[in-house]
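Each remark here refers to the structure printed beneath this line.
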Amino acid sequence: MEDWLNAYYMEMDPLKRQQLLLENTKETKDGQDGLLRQLWEARYGKGKPRKDDFVGYLMNLRYIAESGKMDPGGRKKKLAVNAILGLGLYEFTQKTENEQTVILSELENTCRKYIDISSQGRGFTSVIFGMGQLSDESIAGKIADEISRFAFDAPYILRMTREFEPLQRAAAEVFREVYPNREHYLRKR
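Basically this note's numbering = 1-based index in the sequence shown + 35.
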């Protein structure tokens, strides 16, 4: 992978990511430019980035896992289908290897952003109402629990593990990268 792409996927700030994308898209391989722009627009919208829809999809999946197995009216299935379409996971196995790599890299960046948001949040890292900080080991366990909910529990509850396999792979890889030797904290199904 090219140097700028590595920097692009490691960057958390949407404005810096947009700048990297605009400056370097002409240097990409065939077809990759269009997919990068398409994923950018799906994630942040056109123009100046406002909100991260990919992190929103992860939050929806977490909601699905935390709200039990009952799904009257199919609301959870609809949220899951929106996540599959929005994250670019629809017919993932039929995409080219290059497209799969780009989508996986974007999913890894999304999971990295989710971990970054969680680990920086005072309410997430404190014991009681912001009083007292959790240890690094406790934070790793709490983040592993969050990742397990959206990446493994929600797809299992919905019986859609095959559709979410790329997200599961990306989430496990990022957790392994951020918290080495703690992958056993993840509850894989």
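Virtual Cβ for every residue (Gly too), placed ideally from N, Cα, C.
Exclusion of the five residues before and after S161 leaves G167, Q168 and L169 as the residues of its chain whose Cβ lies within less than 8 Å of its Cβ. Cβ neighbours of K104 within its own chain (closer than 8 Å, five residues either side excluded): I192. Linking K61 to A42 through their CA atoms gives a straight-line distance of about 16 Å. CA-CA distance, F210 to M47, rounds to 16 Å. Considered as a whole, the stretch 189-222 harbours 189-193 and 200-213 as its complete alpha helix (DSSP H) runs of no fewer than 4 residues, in chain order. It is roughly 24 Å from the alpha-carbon of A77 to the alpha-carbon of D38. Leaving aside the five residues that flank S183 on each side, the residues in its chain whose CB is nearer than 6 Å to its CB run, in chain order, L221 and R222. Along the length of the stretch 110-167, whole beta strand (DSSP E) runs at least 3 residues long occupy 161-163, reported in chain order. Counting only residues of its own chain and dropping the five nearest sequence neighbours on each side, Q67 has a CB closer than 7 Å to the CB of N133 and V137.
DSSP places S173 in the uninterrupted alpha helix (DSSP H) bounded by D171 to I182. For M105, no alpha helix (DSSP H) segment is defined, and its DSSP state is neither H nor E. Beta-carbon to beta-carbon, R97 and E198 are separated by about 17 Å, too far to satisfy the 8 Å threshold. Excluding five sequence positions before and after R224, the CB atoms of its chain that fall closer than 6 Å to its own CB belong to F187 and Y191, given in chain order. P107 and A175 have their C-alpha atoms roughly 34 Å apart. Taking a contact as a CB-CB distance under 8 Å, the pair L70 and L56 does not count as one, their CB atoms being some 12 Å apart.
The beta carbon of F127 is closer than 6 Å to those of P201 in its chain, skipping five residues each way along the sequence. For M47, the secondary structure class from DSSP, reduced to helix, strand or coil, is coil.
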